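Here is the structure we will look at.
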Amino acid sequence: MKFAVSLFTQSNLSRRVAVAFLMALILIASGFVLSFYSYTQYGTDSERVQQTYQTINTLNGVLSTLKDVETGTRGFLLSGDSLFLETYYKAAPAIENELANLEILLSGEAQHRLLDTLRHQVQAQLDMSTTQIRNRRDVRAFQSHLLLGKLRMDAVRRTVALMVSQEDKQMKIRNEQAAQSYQRTLLIGFLLSLITLFTVIFAYSKLDAELLRRQRTEDQLRAYEEELQAHIRQLTMSNEELERFAFIASHDLQEPLRKIQSFAGLVNERNKAVFDNDTNVFMSKIVNSASRMSRMIKDLLDFSRVSSQHQGFQLTKLNDVIDRVLEDMELQVKGLRAEIQVGPLPVLPVIATQMEQVFANLISNALKYRKPDQAPVVHITSEEVDGVNFPGLMPGKRYYKISVSDNGIGFDEKYTEHIFQLFQRLHAKTAYDGTGIGLAVCKRIILAHQGYIAAHGQPNEGATFWVVLPEKQPLPDYERSADRSASAYFIG
Amino acid sequence: MNDQRTDRPVHILLADDDEDDRYLILEAFRRQYPGSRLSAVEDGEELLTFLEQRTAQSSAESDLPDLILLDLNMPRLDGREVLRQLKKNSSLCHIPVVVLTTSDAQPDVQRSYVDGANSFITKPANFQGLMNTAQILWNYWFEVVTIPQA
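Going line by line, the protein sequences match chains A and B.
Mapping the first sequence onto the working numbering, position 173 (from 1) lands on 1332, and the numbers just tick up by one.
Mapping the second sequence onto the working numbering, position 13 (from 1) lands on 75, and the numbers just tick up by one.
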């Protein structure tokens, strides 16, 4: 639960960092856009200023051309020399050209209206000049035209002045606007940079904290892993030592036992005739006890050997295993008139000899703990199960549960755990033979197979033992088993 | 019960560091075959010395054992090494060697045969077993099997 919460906050945090970086990215991008906009804006503004100057120049040009026309006309009128008309002839198309340019250059309805006025005034002036040139001889007309020309020229001057001032005003406004927008852009740019800076600092600090936290977690995990490795090494070592110890101890324990048995036998051999009954009983008790202990030690040795096998897992038909076991037990089965029914069993990766040991134990238990008045019936069945239902097995992994059930004397459910422990027995050894190691060996074998073994029963209702075995074995641990058989115990 | 092939008694040499075992094993043979000649040594070194002394004598009076019973775990020179040396020695390699040991471990069994043991017996757990073993060994080596003349 705690883990889930921390996972959640972790993802939340990384999302926050991502958002912060995204924001910084967007801010930087807007900074770019803003700069670009400001740059193009500056270009537009200077273009406009340029345009304004051009407009003013053109307007002045119109005025000057018109002045030339007037001067030329006046000169011609006064002198009659057609040389003065040269400017007049040039002026008309030039003015037309300039007016057309103005049409393009000018912006705003007011200016265009003024341009129309200017055009009319210019046209009127030109027309007047044409008329004057044509009627050179009319002196009265010449005088009135002189005055009118001046008035008209003044009107043109006023219009041009108005237009120029208009342009000037517009330019001023534009310049102000440009300055303002430039300032605004600068301010926004500054603010954007500031926000970006803070966002990046924020994201970095968060990221740094996160990295630090992860580093710490990783360090901790590595420390745990190392600790775990050390534990595993220690466990492996102590396991190996324990097995070696069990093996050596068993052998060394056998030695004095052998002597007790041998010398007791020797004493018997020599003195059987002179011993009284009691002494003979005592002697046989010594021999029997020693021989029983010897058997227990041998069993203990078998028990300790179980886990020393880590290789030899082979796909094996469990039906074949049971067949071999039953073949070995044929005489016993026939003698007891036992009925043993074996269902279809799976093919599993097992150590076949160990499985034989397990099923030989389970079946012989079923026969041993039979009801005295009833022929034993043993059922061996199999079903597919999921590991989730069994303690210590992997959930979601496929297992097979093989049940061995009998109709024997059963046992009290409260001893279920008890019966799988070493040298634990539920019955007096006088009633049922055995050292109490069979099921402990079974359990050890099944555990070495990554499986599970359990039993349930009711007194007088029979017992069922089941063995749960995995469909697949994990890869063999070659490292561990490598020198096991090679270094095997040389005991003389 | 003397071997009919020679006029001298059968000579069995036992090498075992355990005093009790020496007593029990020899006692078992004594019980079964009172006329046999039994010698015992306590380790490999002693065994080799025992045999060397006897090969050094003239061949006519050679007094080598007819059968060697060899324990594997012994101090100084253990049974495995003794076995190898015996089988390398041209004047000793013909003597049958029976490994008689506590071990029943497969690696011990295999190595012993590789090194030239003629049989491998795990010490019986009681005296009756020892007497049976003695009888079987005697029957096999001195009545069934033909062995080189000493």
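From the three backbone atoms N, C-alpha and C, an ideal C-beta is built for every residue, glycine too.
As the structure is a prediction and not an experimental result, all values here were calculated from the model.
Alpha helix (DSSP H) segment containing residue i, residue limits
i          : result
Trp1625(A) : Note, Trp1625(A): premise wrong, no alpha helix (DSSP H); beta strand (DSSP E) at Ala1622 to Pro1629.
Asp170(B)  : Gln168 to Val176
Ala1525(A) : Ala1511 to Lys1527
Lys1457(A) : Asn1436 to Val1465
Phe189(B)  : Phe189 to Trp200
Lys1249(A) : Leu1244 to Leu1264
Ser1288(A) : Glu1268 to Arg1293
8 angstroms Cβ cutoff, residue i in contact with chain A
i         : result
Thr195(B) : no
Leu86(B)  : yes
Lys150(B) : no
Asp177(B) : no
Asn188(B) : yes
Asp105(B) : no
Thr208(B) : no
Glu89(B)  : yes
Buried versus exposed, by CB contacts within 10 Å (16 or more), residue i
i          : result
Pro127(B)  : buried
Arg84(B)   : buried
His1577(A) : exposed
Ser1352(A) : exposed
Arg1311(A) : buried
Glu81(B)   : exposed
Asn1524(A) : buried
Glu89(B)   : buried
Gly1471(A) : exposed
Leu1345(A) : exposed
Val1164(A) : Per-residue confidence for Val1164(A) stands at a pLDDT of 43, beneath the threshold of 50, marking its modelled position as unreliable; no derived number is given.
Gln1280(A) : buried
Pro186(B)  : buried
Val1501(A) : buried
Phe1462(A) : buried
Phe91(B)   : buried
Met136(B)  : buried
Met1514(A) : buried
Met1322(A) : buried
Ile1185(A) : exposed
Arg142(B)  : buried
Ala1645(A) : Caution is warranted here: a pLDDT of 40 is assigned to Ala1645(A), below 50, making its placement in the model unreliable, and no coordinate value can be reported.
Cys155(B)  : exposed
is_contact[residue i, chain B] using C-beta, thresh 8 angstroms
i          : result
Val1446(A) : yes
Arg1375(A) : no
Gly1424(A) : yes
Gln1413(A) : yes
Ser1450(A) : yes
His1410(A) : yes
Glu1572(A) : no
Ser1443(A) : no
Reference residue i, options the options, closest by Cα
i          : options                                           : result
Leu110(B)  : Leu148(B), Glu89(B), Asp78(B) and Tyr95(B)        : Leu148(B)
His1608(A) : Val1627(A), Leu1598(A) and Thr1623(A)             : Val1627(A)
Ser3(B)    : Ala187(B), Val161(B) and Leu192(B)                : There is simply no residue 3(B) to check, as chain B begins at 63 and stops at 212 in what is shown.
Val72(B)   : Ile130(B), Phe112(B) and Gln115(B)                : Ile130(B)
Arg1175(A) : Tyr1383(A), Glu1369(A), Ser1562(A) and Gly1471(A) : Glu1369(A)
Ile1510(A) : Lys1493(A), Glu1572(A), Lys1476(A) and His1410(A) : Lys1476(A)
Leu1284(A) : Glu1542(A), Arg1272(A), Gly1502(A) and Asp1313(A) : The amino acid at residue 1284(A) is misidentified as Leu; the sequence shows Gln. Minimum Cα distance to Gln1284(A) is reached at Asp1313(A).
Asp1482(A) : Thr1211(A), Pro1503(A), Asp1275(A) and Pro1633(A) : Pro1503(A)
His1538(A) : Glu1498(A), Val1600(A), Tyr1591(A) and Pro1550(A) : Glu1498(A)
Val103(B)  : Arg93(B), Arg70(B) and Val144(B)                  : Val144(B)
Start-to-end residues for the beta strand (DSSP E) that takes in residue i
i          : result
Arg1557(A) : Arg1557 to Asp1565
Phe182(B)  : Ser181 to Thr184
Ala1614(A) : Tyr1611 to Gly1616
Ala1534(A) : Run containing Ala1534(A): none; DSSP gives neither H nor E here.
Lys1476(A) : Gln1473 to Lys1476
Ile74(B)   : His73 to Ala77
Val1499(A) : The question names Val, but residue 1499(A) in the sequence shown is Ile. Note, Ile1499(A): beta strand (DSSP E), Glu1498 to Val1501.
Thr164(B)  : First-last for Thr164(B): undefined, no H or E at that position.
Any non-hydrogen atom of the ligand SAM within 7 angstroms of residue i CB
i          : result
Asp1565(A) : This structure does not include the ligand SAM; it has no bound ligands of any sort.
Query raised in the report: Do the region 1529-1546 of chain A and the region 1562-1575 of chain A touch if we need at least three Cβ pairs shorter than 8 angstroms?
Result: Verdict: yes, contact present.
Report task. Check whether the region 1176-1192 of chain A touches the region 1356-1363 of chain A, taking contact to mean three or more Cβ pairs, one atom from each stretch, closer than 8 angstroms. Result -> yes
Query raised in the report: Does the region 1407-1421 of chain A come within contact of the region 1432-1450 of chain A, defined as at least 3 CB pairs closer than 8 angstroms?
Result: yes
Query raised in the report: Would you call the region 1211-1219 of chain A and the region 1262-1276 of chain A in contact, with 3 or more CB pairs under 8 angstroms?
Result: yes
Report task. Decide yes or no for the touch test of the region 1482-1494 of chain A against the region 1428-1445 of chain A: beta carbon pairs closer than 8 angstroms, at least 3 of them. Result -> no
Requested in this report: Please determine if the region 1338-1352 of chain A and the region 1240-1249 of chain A are in contact, where contact requires at least 3 C-beta pairs separated by less than 8 angstroms.
Outcome: no
Report task. Count the CB pairs spanning the region 1509-1519 of chain A and the region 1550-1559 of chain A that are closer than 8 angstroms, and state whether there are at least three. Result -> no
Requested in this report: Evaluate contact between the region 1291-1304 of chain A and the region 1252-1259 of chain A, counting only Cβ atoms and requiring at least three cross-stretch pairs below 8 angstroms.
Outcome: no
Query raised in the report: On the three-pair Cβ rule with 8 angstroms, is the region 187-206 of chain B touching the region 164-173 of chain B?
Result: no
Query raised in the report: Can we say the region 1386-1393 of chain A touches the region 1189-1199 of chain A, given the rule of at least three CB pairs closer than 8 angstroms?
Result: no
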